[in-house]
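Chemist:
Residue numbers (our numbering), protein chains in the order written: chain L, 34 to 172; chain E, 19 to 1268.
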């Protein structure tokens, strides 16, 4: 379903990034990194419209010919980015939202782990399996 | 008729709802212009079906002459040509005429309408005064209208309207106009609602049939578009757009269904191979060519999409939403590409790129056409996507047509180009005259390498600038990077470099390792082409150690460095310094010994553990660490060295990712002062303060190791740690350095440098601070007792410790101890010394030879290397001074013993003798003074005891040491009085004295002639530790003197019961008779001492007596003290009586009777000694006694004594009492008791007492 899922720290370095193995990993890194531009733009935009501050989902960041990039930002400014294949048109906004919610929950679990040092790359197996499920789950 | 459209290029539908006009054409023509003008002036509310919100709408109409052909035939669903209202105009006011022709005509008209099922009609009767004047037989005005209503509008009377004097400016005319217009609008809307509603219903029905086999999307498209046209005609653009959006969604759904395997038949036509890719066309309101294609069912997918988008675009621009156009355009382009893929439509390679490129530019042109510059700039976030997309597509076209390579296109490329250009077709007439049309651009770009470059750069820079302007730096850099790739392929690394470095900076600062590696690889390529060797090698080093790369690649880059390093440095370019951090990672540094503190010349090893990041073993010619040397004394740097772990290791912080601020590293420090092991300071130090501060200063400076290799200057320090010819294997390595330690001071490691041929890897600063210290020590001698305390009088062992320091003990070196009489050195033959190395291991043991001469004892030392410890034991003996160790005898001691050797002190328990030894050491011209404290083991007290005239001396010896002693040969000797005999009353010759035990000895004094005035005695004894029976007895002696030995007075007393009683009884007054007797004639010495006075020719001395009962056994009634004058003759006796009362029954001891010398005031003026001053209460007792003896002096003294407390400074003469020396008065009552019986009547007793 998703072809790439990334968690990016507040300081914009990747905490976790995983993509489907069939396609170039590098390409996704570039894509996700570039998407941070739009994330930052949206975050600062959200600041202006106070009403939407509780909305963590940033929506479609930008489409490319092959992929759609969606963003989500936690209250602690950790960013989640999900890249899906453009051909996968059956994916609705709600499904993307629920993916982000799942991701956020799992991320929260990672942060709750007393042995996890915030800011380190995420190596949690539980988190990994959640991500795998979201990537495999072909519709 | 033109509407409010300002821009001529934007086409407005000329269509307006059609209204037919029948009847009197001349009449209508006259009214036409005012009618068309008046109709749209006021809005009308349009209420709509299906719950759609009502709208205010301005109506217009196209009035045409009624023809039967205009009425739609059965099945014709065209809405645009549909007449919504039919009006019949007449100005007939003559009933005859009406009946004759007009009615007939109307009936025909009605018939036609009815035939076509049209119910939207209106009859307008124009009334004019002019006509009325002409006619004579005028019917009432309303009659014609009424007639018509009667004839045609049987239930709909509102279908007939009268218009009065339409061409006149009268209020009536106005009124009738407005009612006509209102009616017209209402009827038009009614007609719209009815006809559109019917149309929509039919359309829906058609849509529901879409699953039926014969259904065609194109047909349906035409139907729904008709509706859209009508809405557009009514200027309801929103509604029109909805129609297209619905069509769009429907089509999209079909494509998706096709993808899911549910192929509709009609989709076949859209799956035809794409033959034309001439882009969107947005300059026409309706692209009739494409519309015809759709209508004919011959449109390709791109045609359909292009057509739909052009319509949507037109409507969005009408709606003033140009930014939605750009968003939708990007979506559409992406979507089309996807759909073609999904439908597996056969497309020539590059054709889509052309289509997308043209479309992007077309959209941008269209938007530019309807917005001004500032608007465009403010909204570049909306357009930048299209710019980038166009850039990408042009680039891929360039690749395809061989316009990017250095060599230019070959024939195959040219063929491709021709094919692609063919698909573009001819330029459309709309843009034929424009110089900058997308079509021209594409054609030009594909025509030559130069033109392509020009266009590509133009687009790239435009996109980058826009990204920069809206703050999307990462996107801008990504475009820049692809531009760099372009430059690289063009063989222009110079231009590429900056873009790549810019991107690299961004990836480094945000630690995106994969893009980082990729970009760095490109940079390496670029730098290699530019022949920037330093930078290239640095980049290669980073790449060789990059774990994201494959082994082969890493080896390649490593080999690049090694082969460069291996080149002979014949050219004059200096060595290349690279950052160590890319080459190795330091793990740990370990000192051996762990303290990192050695003496001069000692071996100190440093083991450096590092991890080589290179993929292959690297032979390093030298690995050196430069050292900074400072003369700081060891100890003062304790703070810095606290950073090193106690086990002598320094752990280098691991390379952490750029994770904001590093964690606070705190450590505890304890600084000991260098001389003693006393804690000077303790505290907490932040070890990585500089890192924390740096992070705050600028977040970017963390990149320095990677991107700024410039400041890697190699310091040429004088001192170095060096390891030659080391091969670093991939992974962990351990290198041992031998640290120089020639000079004392602090050595700080500064830089680490690994030389591989011409290449040097430099670590400019070693952090944390690594230091070791070299110290130099002066030789030192200490002498310490072996036991806790040293005892005087016995041989004691002391330990000599020599720390040789930098001094080497040579052959013949000896310690010279100056001898003192009081403390000889006892040397035994079996004396040996131990030599211990600085690390605490015993080295050897060798014999000592000790020679004593009269003045010095010489101890020749064995050979000892520097920084070793020499230890040996020596027996010394401290003689106990043969004198009572009392305050005044100190002088005596000092007189006997040399000025520097000995000092005696008194401590709480025992006497302390401090013995100083002067030692001459071979390493110094000065003598070392060593002080030893000896404790005297005994404390002795003496006392003189008397019985009448007989005298005894008692000596008490107390053992104050912790040792048990054997004591013998106690003896007392007197030196001054020869005729004196001392008879010992002690029986035991030997005794053992335990710690803190006392031994008493008593001697009786006997003399033959006159009793001695004073005695000089010496008590002597021999002692030895009781534990060692073989030990020699050591002498102990104690000198003392006794003065005023003989007894002057004897005091006796008797207590007698009251007369007539056998015994004393409690509560009964008894008589106490005290008799004082002078025993001897006063000697000369006594005369000086005693206060004598002449009374009636008799020499007397005054005595004061006092009766005190300290145990409250007795109550002294009346005077208890008094002064008596005693004649100074032998056996002179004075008796004093007083009354005492026993308070208890039993054997009561006698009350104390004390006798003092009494000194009247005049004798003691010179010595106002308050100690001997008569106390107040005793004086008051004295007063009573004075009454008897009538002494005027004492009477006078009363007042002065009382005033004593108040004015002591006056020096008023006072009477004094002075105690006799021990033995001068013998009190016979001591120990005597008298029997007291209990009182017969207790009550009486109590009464008596009170």
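Each residue gets a CB set at the ideal place from its N, CA and C atoms; glycine is no exception.
Got a sec? Which residues, its chain only, sit under 6 Å from residue 50 (chain L) by beta carbon, not counting five neighbours each side?
Modeler: Hits under 6 Å: 39.
Chemist: With distance defined between alpha-carbon atoms, name the residue in E:467, E:688, E:1019, E:456 nearest to residue 435 (chain E).
Modeler: Comparing Cα positions, the closest option is E:467.
Chemist: Where residue 54 (chain E) and residue 89 (chain L) are concerned, what is the direct C-alpha to C-alpha distance, given to the nearest angstrom?
Modeler: When rounded, the distance between both Cα atoms is 56 Å.
Chemist: What does the alpha-carbon distance come out to for the pair residue 69 (chain L) and residue 110 (chain L)?
Modeler: About 12 Å.
Chemist: What distance in whole Å lies between the Cβ atoms of residue 315 (chain E) and residue 236 (chain E), which are believed to be in contact at a cut-off of 8 Å?
Modeler: Indeed they touch by this definition, with Cβ atoms about 5 Å apart.
Chemist: Grouping DSSP H, G and I as helix and E and B as strand, with all else coil, what is residue 1155 (chain E)?
Modeler: Note: residue 1155 (chain E) maps to strand in three-state DSSP.
Chemist: On the DSSP bridge list, what partners appear for residue 66 (chain E)?
Modeler: Per DSSP, none; premise fails for residue 66 (chain E).
Chemist: What residues are listed by DSSP as bridge partners for residue 46 (chain E)?
Modeler: The partner list for residue 46 (chain E) (beta bridge, DSSP) is empty, contrary to what the question assumes.
Chemist: Rounded to whole angstroms, what is the Cα-Cα separation between residue 744 (chain E) and residue 604 (chain E)?
Modeler: The straight-line gap from Cα to Cα measures roughly 15 Å.
Chemist: Could you tell me which residues DSSP pairs with residue 47 (chain L) in its beta bridges?
Modeler: Answer by DSSP bridge pairing, in chain order: L:41.
Chemist: Taking the beta carbon of residue 762 (chain E) as the centre, do at least 16 other beta carbons fall within 10 Å, making it buried, or is it exposed?
Modeler: Classification of residue 762 (chain E): buried, given that the 10 Å Cβ count is 16 or more.
Chemist: Ignore the nearest five residues each way along the sequence and tell me which others in residue 158 (chain L)'s own chain have a CB closer than 6 Å to its CB.
Modeler: No residues qualify anywhere along the chain.
Chemist: Examine the ligand COA and report whether any of its heavy atoms sits within less than 7 Å of the Cβ of residue 509 (chain E).
Modeler: By its list of ligands, the structure shown contains no ligand whatsoever, and the ligand COA lies outside what it can speak to.
Chemist: In the stretch 493–507 of chain E, which residues sit with their C-beta less than 7 Å from some C-beta in chain L, listed in chain order?
Modeler: So the close ones are 493, 496.
Chemist: How is the alpha helix (DSSP H) around residue 456 (chain E) delimited, first residue to last?
Modeler: First-last of the alpha helix (DSSP H) with residue 456 (chain E): 456–465.
Chemist: Output, in chain order, the set of chain L residues within a Cβ distance shorter than 8 Å of residue 228 (chain E).
Modeler: Ordered by position in chain L, no residue passes the 8 Å Cβ test against residue 228 (chain E), which lies about 20 Å from the chain.
Chemist: What residue range does the beta strand (DSSP E) around residue 366 (chain E) cover?
Modeler: Per DSSP, residue 366 (chain E) belongs to no beta strand (DSSP E) and is neither H nor E.
Chemist: Can you give me the C-alpha to C-alpha distance between residue 696 (chain E) and residue 1006 (chain E), rounded to a whole angstrom?
Modeler: Rounded to whole angstroms, residue 696 (chain E) to residue 1006 (chain E) spans 54 Å at the Cα level.
Chemist: Please tell me whether residue 279 (chain E) has its Cβ less than 8 Å away from any Cβ of chain L.
Modeler: Not an interface residue.
Chemist: What are the residues in the stretch 205–218 of chain E lying within 8 Å of chain L by C-beta distance?
Modeler: Going along the stretch 205–218 of chain E in chain order, one finds no residue with a Cβ nearer than 8 Å to chain L.
Chemist: Within 10 angstroms of its Cβ, does residue 859 (chain E) collect 16 or more other Cβ (buried), or is it exposed?
Modeler: Exposed, since its Cβ has fewer than 16 Cβ neighbours within 10 Å.
Chemist: What do you reckon, are the CB atoms on residue 982 (chain E) and residue 812 (chain E) nearer than 8 Å?
Modeler: No, Cβ-Cβ distance for residue 982 (chain E) and residue 812 (chain E) is not below 8 Å.
Chemist: Are the C-beta atoms of residue 63 (chain L) and some chain E residue less than 8 Å apart?
Modeler: Closer than 8 Å to some Cβ of chain E, the Cβ of residue 63 (chain L) qualifies, so yes.
Chemist: Got a sec? Which residues, its chain only, sit under 6 Å from residue 862 (chain E) by beta carbon, not counting five neighbours each side?
Modeler: Within the same chain, residue 862 (chain E) has close Cβ partners 853.
Chemist: Considering only the alpha carbon of each residue, which of E:214, E:638, E:766, E:273 lies closest to residue 775 (chain E)?
Modeler: If we check each option's Cα against that of residue 775 (chain E), E:638 comes out closest.
Chemist: Tell me whether residue 1277 (chain E) is buried or exposed, calling it buried when 16 or more other Cβ atoms sit within 10 Å of its Cβ.
Modeler: Look at the range of chain E in this structure, 19 to 1268, and you will see that residue 1277 (chain E) is not part of it.
Chemist: Quick check on residue 66 (chain L) - is its C-beta less than 8 Å from some C-beta in chain E?
Modeler: It does: the Cβ of residue 66 (chain L) has a partner Cβ on chain E nearer than 8 Å.
Chemist: If you measure from the beta carbon of residue 126 (chain L) to each beta carbon in chain E, is any gap under 8 Å?
Modeler: It does not; no Cβ of chain E falls within 8 Å.
Chemist: Who are the near neighbours of residue 333 (chain E) in its chain, counting only those whose CB is closer than 6 Å to its CB and skipping five residues on each side?
Modeler: Hits under 6 Å: 255, 258, 259.
Chemist: Can you tell me whether residue 437 (chain E) is helix, strand or coil according to DSSP?
Modeler: Helix, per DSSP.
Chemist: Of the choices E:964, E:1077, E:885, whose alpha-carbon is the least far from that of residue 617 (chain E)?
Modeler: The residue with the shortest Cα to Cα distance from residue 617 (chain E) is E:885.
Chemist: Could you spell out the range, first to last residue, of the alpha helix (DSSP H) harbouring residue 138 (chain L)?
Modeler: Where residue 138 (chain L) is concerned, the enclosing alpha helix (DSSP H) stretches over 126–145.
Chemist: What does the Cβ neighbour count give for residue 45 (chain L), buried or exposed, with the cut at 16 atoms within 10 Å?
Modeler: Its Cβ being crowded by 16 or more others within 10 Å, residue 45 (chain L) is buried.
Chemist: Return the residue from the list E:822, E:849, E:627, E:880 that minimises the CA-CA distance to residue 753 (chain E).
Modeler: The option with the nearest alpha carbon to residue 753 (chain E) is E:627.
Chemist: Short of 7 Å Cβ to Cβ, which residues in the stretch 511–538 of chain E face chain L?
Modeler: Hits within the stretch, in order: 528, 529, 530, 532, 533, 536.
Chemist: Could you give the DSSP three-state label for residue 257 (chain E): helix, strand or coil?
Modeler: Here residue 257 (chain E) sits in helix by DSSP.
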